[in-house]
Amino acid sequence: MIPVLDARGMRAADAETIRAGVASDVLMENAASALCEELRRRFPRWKRVVVVCGPGNNGGDGLAAARMLAQRGLSILLFTLQDPSAYTGDPAANVSRVRAAGVSLEPLTSAGGFARLRQALSDCDGVVDALFGTGLTRPLEGGARRAVEAINATGKPVVAADVPSGVSADRGALLGAAVRASLTVSFGAPKACHVFPPASEVCGCVAVADIGIPRKTLAKRARRLWLAEEQDVRALLPPRPLNSHKADFGRLAIVAGARGKVGAAVLVARGALRGGAGLVTVFCAASLEATIVTALPEAMTSGLPEADGSISESAAKALIRALRDFDAAVLGPGLGTSAATVRFLAAALKGARLPIVADADCLNAFAGRPEVFARRRAPTILTPHPGEAARLLRRSSRQIQEDRLGAARMLARRSRAVVILKGAHSLIADPSGEVIVNPTGTPLLATAGSGDVLAGLIGALVSGGLPPKDAAVAATWLHGSAAEALRSRLGDAGALAHEVADALPAVRRRLGRPRDP
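For what it's worth, the numbering used here labels the leading residue of the sequence shown as 48, then goes sequentially.
Here you go:
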């Protein structure tokens with residue numbers, strides 16, 4: 048896991064590293080070098096680059112990067128927000144070095160400075176934004192705002208140093224005018240703005256660069272916030288032994304579907320089977336069994352007493368007895384929220400002694416009452432989208448989105464469950480307050496049934512033996528990666544949920560490739 052830091056934590060990590068003997072100018076050189084290497088790797092055809100530097104250490108990073116790019120043979124047009132003589136400390140040293148390298152500095156405070164910036168931007172291949180870094184706490188004004196607006200107006204690709212200028216590093220908020228980057232090279236560790244919208248939407252691709260700060264130093268400052276990596280998921284899903292049996296990979300029960308919503312049950316089962324579950328049984332209203340078997344013959348079914356096309360409240364006792372033969376269950380998709388169904392769900396949650404993935408209507412049924420899940424005697428995973436989280440916490444969806452981190456932590460604490468708050472960069476929170484950010488996914492997941500597939504995938508991994516939090520992390524990563532695998536063929540719209548499920552085995556296979564013979 049990669050630690051995610053805020054501005055204060057990053058400053059503390061910098062200071063600790065410097066006290067340990069790494070000079071501050073070495074950290075700046077390392078940051079600039081990392082930015083240059085990433086720029087050259089992502090944009091190998093760039094020849095003419097505009098670098099725009101602000102007044103602080105972020106500007107110093109940009110000055111050093113301008114020198115390094117010039118030494119690599121690129122044509123550099125360098126602009127500073129202030130007069131170069133105003134720099135102090137390490138940035139001032141880089142003013143001297145960049146001049147020694149033969150690069151001229153154009154202060155934007157000079158007469159005609161902005162006109163020359165606009166001309167340079169129109170003629171360049173790309174831009175390096177080194178105006179403001181993690182220390183920014185207020186909206187940009189004056190010359191800084193004009194510089195950002197000029198950069199954005201060109202439509203040219205932008206590489207941002209650490210964070211795009213104009214965003215809050217701590218909250219993922221846009222403070223006002225902000226650079227729209229194509230690539231952000233984050234120094235040392237990702238920041239909150241790289242993983243939380245709307246700021247994450249202006250970061251473009253984010254590359255995290257090692258600049259010489261030890262991982263343990265960064266981890267101490269992470270405040271229980273982490274970014275999942277591919278290697279973390281790979282470690283959770285080792286290759287299966289040759290002599291495996293289907294029972295080795297879990298018996299999963301799915302309690303889902305009602306008249307008009309049988310597709311939810313089918314998609315959960317499909318996600319579970321494509322996710323590697325050994326045996327899957329769908330518990331549903333008896334009249335729906337034939338439809339499910341026809342749609343997905345690989346899944347077994349078990350019909351329950353029904354009323355008006357929904358599972359009857361009286362079915363709870365029989366279901367609880369049946370669940371003794373399973374390793375995990377998914378409960379809720381497509382069940383509805385009638386009073387009788389809510390009572391059925393409450394009885395099932397209370398009586399079942401196995402891990403449960405509570406999804407969709409199993410969340411909506413307990414609006415304002417997340418403590419219902421806290422009373423269970425077995426592990427629970429909740430999978431709300433922002434609307435469902437809002438109903439559980441009696442807030443608006445807007446409030447949830449404005450503080451996704453706080454909402455995920457609160458819901459995990461009140462429910463004593465692992466919570467996956469779905470959305471761009473889904474959050475996995477546990478009752479201790481630790482949160483893991485999932486980096487995978489595309490807008491293709493914004494389609495009906497996508498959440499059902501995810502619920503089935505989580506259930507498959509839990510029934511196969513993964514602890515609930517590990518299963519949530521791995522499933523969310525795989526689910527997002529499956530959408531990414533479809534992107535080259537479908538773009539950002541038009542995926543069907545079953546296509547996401549069907550892409551899962553190939554994603555899992557790619558995870559195992561480093562260990563393939």
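By construction, the Cβ of each residue, glycine as well, lies at the ideal position given by its N, Cα and C atoms. On a predicted model such as this, the values are computed, not experimentally measured, just so you know.
State the start and end residues of the unbroken beta strand (DSSP E) segment that holds Ile483.
One-based indexing of the sequence shown puts residue 483 at position 436. Element bounds for Ile483: Val482 to Val484.
Roughly how many whole angstroms lie between the Cα atoms of Leu121 and Glu85?
For this step, residue 121 is matched to residue 74 along the sequence shown. For this step, residue 85 is matched to residue 38 along the sequence shown. So the two alpha carbons sit approximately 15 Å from each other.
Between the Cα of Pro102 and the Cα atoms of Thr181, Ala363 and Gln118, which residue gives the shortest distance?
Position 55 of the sequence shown, counted from the first residue, corresponds to residue 102. It is Thr181.
Quick check on Gly350: does DSSP put it in helix, strand or coil?
As a working note, residue 350 is residue 303 in the sequence shown. Of the three classes helix, strand and coil, the one that applies to Gly350 here is strand, per DSSP.
Between the C-alpha atoms of Asp137 and Ala548, what's the straight-line distance to the nearest angstrom?
Counting from one through the sequence shown, the residue named residue 137 turns up at place 90. Counting from one through the sequence shown, the residue named residue 548 turns up at place 501. If you take the alpha carbons of Asp137 and Ala548, they lie about 52 Å apart.
With burial defined as no fewer than 16 other Cβ atoms inside 10 Å of the residue's Cβ, what is the status of Thr156: buried or exposed?
The sequence position of residue 156 within the sequence shown is 109, counting from 1. Exposed is the call here.
Taking contact to mean 3 or more Cβ pairs, one atom from each stretch, closer than 8 Å, check whether the region 216-233 and the region 156-168 are in contact.
no
Which runs of the alpha helix (DSSP H) at least 4 residues long sit entirely within the region 324-378? Give them in chain order.
336-342 and 363-369
Rounded C-beta distance between Ala194 and Leu178? I'm assuming under 8 Å.
Numbered from its first residue, the sequence shown carries residue 194 at position 147. Numbered from its first residue, the sequence shown carries residue 178 at position 131. Yes, they are in contact, since the Cβ atoms of Ala194 and Leu178 sit about 6 Å apart, within 8 Å.
Which residue from Ser212, Val206, Gly160 and Thr201 puts its Cα closest to that of Arg185?
Residue 185 sits at position 138 when you count from the first residue of the sequence shown. Nearest C-alpha to Arg185: Ser212.
How would you call Pro288, buried or exposed, if buried means at least 16 neighbouring beta carbons within 10 angstroms?
On the sequence shown, position 241 is the one that residue 288 refers to. Classification for Pro288: exposed.
Just reading off the beta strand (DSSP E) that Trp273 is part of, what are its end residues?
Start at 1 with the first residue of the sequence shown, and residue 273 comes out as number 226. Where Trp273 is concerned, the enclosing beta strand (DSSP E) stretches over Leu272 to Leu274.
Residues sharing a beta bridge with Asp176, DSSP
Counted from its first residue, the sequence shown places residue 176 at position 129. Answer is Val99 and Ala207.
Assuming Arg557 contacts Leu525 (C-beta within less than 8 Å), just tell me the rounded distance between them.
Along the sequence shown, one-based indexing puts residue 557 at 510. Along the sequence shown, one-based indexing puts residue 525 at 478. With 8 Å as the limit, Arg557 and Leu525 do not qualify as a contact, their Cβ atoms being about 10 Å apart.
Candidates Ile123, Leu152 and Ala113: closest to Ser132 by CA position
Position 85 of the sequence shown, counted from the first residue, corresponds to residue 132. Ranking the options by Cα distance to Ser132, first place goes to Leu152.
Secondary structure at Cys171, three-state DSSP: helix, strand or coil?
Numbered from its first residue, the sequence shown carries residue 171 at position 124. In the structure shown, Cys171 sits in coil (DSSP, three-state: anything other than H, G, I, E or B).
How many Å lie between Arg390 and Leu222 at the Cα?
For the purposes of this step, residue 390 is taken as the residue at position 343 of the sequence shown. For the purposes of this step, residue 222 is taken as the residue at position 175 of the sequence shown. Arg390 and Leu222: Cα-Cα distance of roughly 46 Å.
On the criterion of 16 or more Cβ atoms from any shown chain inside 10 Å, does Asn290 qualify as buried, or is it exposed?
As a first step, residue 290 is located in the sequence shown; it is residue number 243 there, counting from the start. Asn290 is exposed by the Cβ-count criterion.
Rounded to a whole number of angstroms, what is the C-alpha to C-alpha distance between Ala275 and Glu546?
Against the sequence shown, residue 275 aligns to sequence position 228. Against the sequence shown, residue 546 aligns to sequence position 499. Roughly 24 Å separates the two Cα atoms.
Nearest by alpha-carbon distance to Arg192: which of Val226, Asp172 and Asp295 is it?
For the purposes of this step, residue 192 is taken as residue 145 along the sequence shown, with counting starting at 1. For the residues Val226, Asp172 and Asp295, the minimum Cα distance to Arg192 belongs to Val226.
Nearest to Phe373 (by Cα), restricted to the options Arg298, Asp72, Ala147 and Gly541:
To locate residue 373, count along the sequence shown from 1; it is residue 326. Of the candidates Arg298, Asp72, Ala147 and Gly541, the one whose C-alpha sits nearest the C-alpha of Phe373 is Arg298.
Counting pairs of beta carbons, one from the region 265-275 and one from the region 48-61, are three or more of them closer than 8 Å?
yes
Short of 6 Å in beta carbon distance, which residues of its chain neighbour Ala522, apart from the five on each side in sequence? Order them along the chain.
Position 475 of the sequence shown, counting from 1, holds the residue named residue 522. The answer, listed in chain order, is Leu504, Ile505 and Leu508.
Distance, Thr489 Cα to Thr388 Cα:
Reading the sequence shown from its first residue, position 341 is the one you call residue 388. Reading the sequence shown from its first residue, position 442 is the one you call residue 489. Distance between the alpha carbons of Thr388 and Thr489: 34 Å.
Quick check on the burial criterion: 16 or more other C-beta atoms within 10 angstroms. Buried or exposed for Arg317?
Here residue 317 refers to the residue found at position 270 of the sequence shown. Looking at its Cβ environment, which holds 16 or more other Cβ atoms inside 10 Å, Arg317 is buried.
Assuming Pro50 and Ala254 make a contact with CB atoms under 8 Å, what is their CB distance in whole Å?
Within the sequence shown, numbered from 1, the residue matching residue 50 stands at position 3. Within the sequence shown, numbered from 1, the residue matching residue 254 stands at position 207. Contact flag wrong, Cβ pair sits at about 16 Å.
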